[in-house]
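One structure is given here, and the rest of the page talks about it.
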Amino acid sequence: MKIKLHVWRQENEKAKGKMESYDLDGVTPDMSFLEMMDLLNEKLIGESIEPVAFDHDCREGVCGACSMVVNGEAHGPQRETTTCQLYMRHFNDGAEIYVEPWRSAAFPVVRDLTVDRSAFDRIIQAGGFISNHSGPKPEPNSIPIEPGVAETALDAASCIGCGACVAACPNGSAMLFTAAKVSHLGMLPQGQTERYDRVKNMTTQMEEEGFGSCRNYAECEAQCPKGISIAFIGRMNSDYLKASLAEPVDRRGKMHAQ
Amino acid sequence: MKRLKLLFASSIGKKFVAAVTGLIMFGFLLGHAAGHMKIFTGAGADGVPHIDHYGQFLKDFGAPALPPMIALWGARLMLLGSVILHVVAVLMLSDQNKKARPVDYVKKKRAAASPAALYMMVTGTLILAFIVLHILHFTTGNLPMLGKHVHGEVYNNMARSFSQWWVAIPYLIMMVIIGFHLYHGVWSLFQTLGLDNPDRNALLRGFAIVFAIGVTATFCLIPLSFMFGGEPAVDNEGMNRIYEYTHDKLSSH
Ligand code: HEM
Ligand code: FES
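Protein chains in written order, with the working numbering: chain A, 1 to 258; chain B, 1001 to 1253.
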């Protein structure tokens, strides 16, 4: 296969980047997208051109590192598939392929296709701890959980934190990520104690990082490599509104008799 | 109050405001559309069209407990408040969204977003302009070039305006635009309010589609009927009216 690539090249966070075009020959249909990128880099090194920097780690669809917007879609055209699990057989011979980094004010480009996603880590940190028994290992069935609830919580927990939702959202919103992280704890009995503080703290951090707002486009759900449903966003909205409007105000340290 | 301030500081809270005010305006549209169907029921024994009576009924609403116009002004202020809050909230959200993606993609492809959702700001801005013009046209009567306006003659005011195609057609286009806004908005508000869930989603989608098309189609009947003779047109001077009556047949205040 012969393809034409248009790749975003950017020296560093401050530099002004631009799209560069490369012709690549010798691509085989059973190469993964990242292997094709490796091939491109070998070619560039041979020509004494700086190779394209991109994030990757597991290459088996579980770590979420391989952040690339391929032909305008996060992780490319294949649904519920990370870039590393995308294969060149999904493209035609002679195809023109655009490769761009996640675009978000909260994810500054470090170099080429690599972006800094530590904003997500700070959202997770804002979620804090769960209050849990920490003695000897408890009997597994001592806290009964309805199978449907457990399954749904696991669906939320399948988020790999890759940031495709932010990249895909026309508003650059991180609501799907935050909702998945809020929900997988908020649905389980172990997560109840801090449930309402958690949703407030995590969404507050999300706002501070400079993400956009949700308009319910459902674009994130469609481009999420794990197919996480926007139903979790509705669930988080509901928890957030309860936390803000119905839950008692935190008055610790300010309680005086009379 | 403090809670509301905190709520409004977040984008979820601003969306909540947009959803509640959107719901209020949507409720108004349903009532407004239903009330207008009185143009098809003809005139009372006194020769006054039912819709004119209906206008008077709205003015007198709450009587005798309330003085006339009080309930009407209450409703008007609530709607005005809703429009203002809705617009303030969505402008702040849209500003946040612009800042969230300073460098855009060279190649963009949408996998799910509907055009109705993508163009909410465009349809919304047109609706805002329409609301202002519509009030000047039919409520205060400040736009006589669109058709002679006589206070209280609801039926004839419409007939005089809509028998002119260049007034009727922009109204029809505007109704379709409102339909697009509702198609996304009425579904989206349930998601914003956290009332959505997978079991109900298909139902809520259906609800939004039915009401978006329903509201648009119902409002479209009005200009269409005056354009195509289902309802009699009158000339610009208000001559040849089918319903000859004088305004003082209505109880006036
Ligand atoms: C008849 C009047 C109107 C009705 C019934 C209406 C209804 C709605 C509803 C139900 C929503 C969904 C809220 C949500 O997603 O939770 C919405 C969103 C929106 N409306 Fe309106 N609206 C009206 C007028 C306007 C006006 C005058 C503007 C002016 C700019 C506007 C701009 C928007 C925008 C931009 C959104 C999307 C907000 C977001 O999700 O970021 N609307 N509208
Ligand atoms: S490299 Fe780990 S998910 Fe793609």
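Note that the Cβ used here is the ideal one computed from N, Cα and C, for glycine as well.
Only counting the same chain, and skipping five residues up and downstream in sequence, which positions put a Cβ closer than 8 Å to that of Val1083/B? Translated into positions along the second sequence, residue 1083/B becomes position 83. For Val1083/B, where only same-chain residues beyond five positions count, the Cβ hits under 8 Å are Thr1021, Met1025, Leu1128 and Ile1131.
Distance, Cα to Cα, Lys1015/B vs Asn92/A? Position 15 of the second sequence, counted from the first residue, corresponds to residue 1015/B. Position 92 of the first sequence, counted from the first residue, corresponds to residue 92/A. Rounded to the nearest angstrom, the two C-alpha atoms are 42 Å apart.
Please name the residue in Lys1005/B, Trp1073/B and Phe1207/B whose C-alpha comes closest to that of Val1186/B. Counting from one through the second sequence, the residue named residue 1186/B turns up at place 186. The option with the nearest alpha carbon to Val1186/B is Phe1207/B.
Restricting to runs no shorter than 4 residues, where is the alpha helix (DSSP H) found entirely within the region 111–165 of chain A? 118–127 and 147–157
DSSP-derived helix/strand/coil call for Phe55/A: Indexing the first sequence from 1 puts residue 55/A at position 55. Correcting the residue identity first, residue 55/A is Asp in this sequence and not Phe. Of the three classes helix, strand and coil, the one that applies to Asp55/A here is coil, per DSSP.
So, at 8 Å on beta carbons, what are the nonlocal neighbours of Pro189/A in its own chain, with the 5 sequence-adjacent residues on each side left out? For this step, residue 189/A is matched to residue 189 along the first sequence. Ile143 and Ile145, listed in sequence order.
Please compile the residues from chain A whose C-beta is within a distance smaller than 9 Å of the C-beta of Gly1320/B. Lying outside 1001 to 1253, the shown extent of chain B, residue 1320/B is not represented and no answer is given.
For Gly259/A and Glu73/A, I'd like the C-alpha separation in whole angstroms. Missing from the structure shown is residue 259/A; chain A here goes from 1 to 258 and no further.
Counting only the same chain and skipping the five closest in sequence on each side, list residues whose C-beta sits under 6 Å from that of Lys1038/B. Against the second sequence, residue 1038/B aligns to sequence position 38. Result list for Lys1038/B: His1050, Ile1051 and Tyr1054, in chain order.
What residue from Gln78/A, Lys18/A, Glu20/A and Gly227/A has the CA that sits closest to Gly161/A's CA? To locate residue 161/A, count along the first sequence from 1; it is residue 161. Checking every option, the nearest Cα to that of Gly161/A belongs to Gly227/A.
Considering Met37/A, what are the terminal residues of the alpha helix (DSSP H) in which it resides? Here residue 37/A refers to the residue found at position 37 when the first sequence is read from its first residue. Run containing Met37/A: Phe33 to Gly46, per the alpha helix (DSSP H) assignment.
In chain order, what residues of the same chain lie with their CB nearer than 6 Å to the CB of Cys220/A, ignoring the 5 residues before and after it? In the first sequence, counting from the first residue as 1, residue 220/A sits at position 220. Contacts found: Cys165, Ala168, Cys169 and Leu176.
Could you give the distance in angstroms between the alpha-carbon of Gly1042/B and the alpha-carbon of Phe1057/B? Start at 1 with the first residue of the second sequence, and residue 1042/B comes out as number 42. Start at 1 with the first residue of the second sequence, and residue 1057/B comes out as number 57. Gly1042/B and Phe1057/B: Cα-Cα distance of roughly 16 Å.
Could you pull the start and end residues of the beta strand (DSSP E) that Ser21/A belongs to? As a working note, residue 21/A is residue 21 in the first sequence. In the DSSP assignment, Ser21/A falls within the unbroken beta strand (DSSP E) covering Lys18 to Leu24.
Is it the case that the Cβ atoms of Gly17/A and Ser104/A are separated by a distance below 7 Å? What you label residue 17/A is simply residue 17 of the first sequence in a count that begins at 1. What you label residue 104/A is simply residue 104 of the first sequence in a count that begins at 1. The answer is no: Cβ separation not under 7 Å.
Neighbourhood of Ser1252/B by C-beta distance below 7 Å, restricted to the same chain and skipping five residues each side: As a first step, residue 1252/B is located in the second sequence; it is residue number 252 there, counting from the start. Note that Ser1252/B has pLDDT 42, beneath the 50 cutoff, so the model's placement of it is unreliable and the number below is only indicative. So the list is empty, once near-sequence residues are dropped.
At 4 residues or longer, what runs of the alpha helix (DSSP H) sit wholly inside the region 156–239 of chain A? You should have 164–168, 175–186, 195–208 and 219–223.
Any beta-carbon of chain A closer than 7 Å to the one on Tyr1105/B? Residue 1105/B sits at position 105 when you count from the first residue of the second sequence. Yes, contact with chain A.
Of all the CB atoms in chain A, is at least one closer than 7 Å to the CB of Thr1192/B? Stepping through the second sequence from its first residue, residue 1192/B is reached at position 192. Taking 7 Å as the CB threshold, Thr1192/B lines the interface with chain A.
Give me whichever residues DSSP pairs with Val1150/B in a beta bridge. Translated into positions along the second sequence, residue 1150/B becomes position 150. Val1150/B pairs with nothing; no bridge assigned.
Under three-state DSSP, which class holds Lys4/A? The count along the first sequence starts at 1 and reaches residue 4/A at position 4. Three-state DSSP puts Lys4/A in a strand.
Does the CB of Ile72/A have a neighbour CB from chain B at under 7 Å? Along the first sequence, read from residue 1 onward, the residue named residue 72/A stands at position 72. The residue you asked about is not Ile; residue 72/A is Gly in the sequence shown. The beta carbon of Gly72/A sits closer than 7 Å to some beta carbon of chain B.
Lys1109/B touches chain A at which residues, Cβ-Cβ below 7 Å? Working through the second sequence from its first residue, we reach residue 1109/B at position 109. Within 7 Å Cβ-Cβ: Asn71, Gly72 and Glu73.
I'd like to confirm the pairing. Which residues does DSSP put opposite Pro1049/B in its beta bridges? Taking the first residue of the second sequence as 1, we reach residue 1049/B at position 49. For Pro1049/B, which the question treats as bridged, DSSP gives the partners Ala1043/B.
Report the rounded CA-to-CA distance for Gln223/A versus Leu39/A, giving the unit in angstroms. Position 223 of the first sequence, counting from 1, holds the residue named residue 223/A. Position 39 of the first sequence, counting from 1, holds the residue named residue 39/A. Distance between the alpha carbons of Gln223/A and Leu39/A: 26 Å.
Is it right to say Thr1192/B is buried, meaning 16 or more other beta carbons lie within 10 angstroms of its own, or is it exposed? Mapped onto the second sequence, residue 1192/B falls at position 192. By the 10 Å Cβ count, Thr1192/B comes out buried.
DSSP-derived helix/strand/coil call for Arg1160/B: Taking the first residue of the second sequence as 1, we reach residue 1160/B at position 160. It is helical.
Should Thr1218/B be counted as a contact of the ligand HEM given a C-beta to heavy atom distance under 6 Å? Position 218 of the second sequence holds residue 1218/B. Answer for Thr1218/B: no, Cβ out of range of the ligand HEM.
Short CB-CB distance (under 7 Å) between Leu1007/B and chain A: Your numbering for residue 1007/B matches position 7 in the second sequence. Leu1007/B counts as touching chain A.
What in chain A is Cβ-close to Asp1060/B, meaning under 8 Å? Indexing the second sequence from 1 puts residue 1060/B at position 60. Within chain A, no residue comes near Asp1060/B; the closest Cβ sits about 37 Å away, beyond 8 Å.
Partners in chain B for Ala119/A, counting only beta-carbon separations shorter than 7 Å: On the first sequence, residue 119/A is found 119 positions in, with the first residue counted as 1. Simply none; closest approach about 11 Å.
Identify the contact partners of Lys1099/B in chain A, using a Cβ-Cβ distance below 7 Å as the criterion. As a position in the second sequence, residue 1099/B is number 99, starting the count at 1. Contact of Lys1099/B with chain A by beta-carbon distance below 7 Å involves Ala105 and Gly210.
Would you call the region 1160–1175 of chain B in contact with the region 1100–1114 of chain B, where contact means no fewer than 3 C-beta pairs closer than 8 Å? no
Name the chain A residues that come within less than 7 Å of Gln1096/B, Cβ to Cβ? Position 96 of the second sequence, counting from 1, holds the residue named residue 1096/B. By Cβ distance, chain A contributes Gly212 and Ser213.
Ignore the nearest five residues each way along the sequence and tell me which others in Met1069/B's own chain have a CB closer than 6 Å to its CB. Counting from 1 along the second sequence, the entry for residue 1069/B is found at position 69. Cβ within range, chain order: Lys1059.
Quick check: is the beta carbon of Gly1238/B nearer than 7 Å to any beta carbon in chain A? Here residue 1238/B is taken as the residue at index 238 of the second sequence, counted from 1. Caution applies to Gly1238/B, whose pLDDT of 42 falls short of 50 and renders its modelled position unreliable; the model cannot decide the point.
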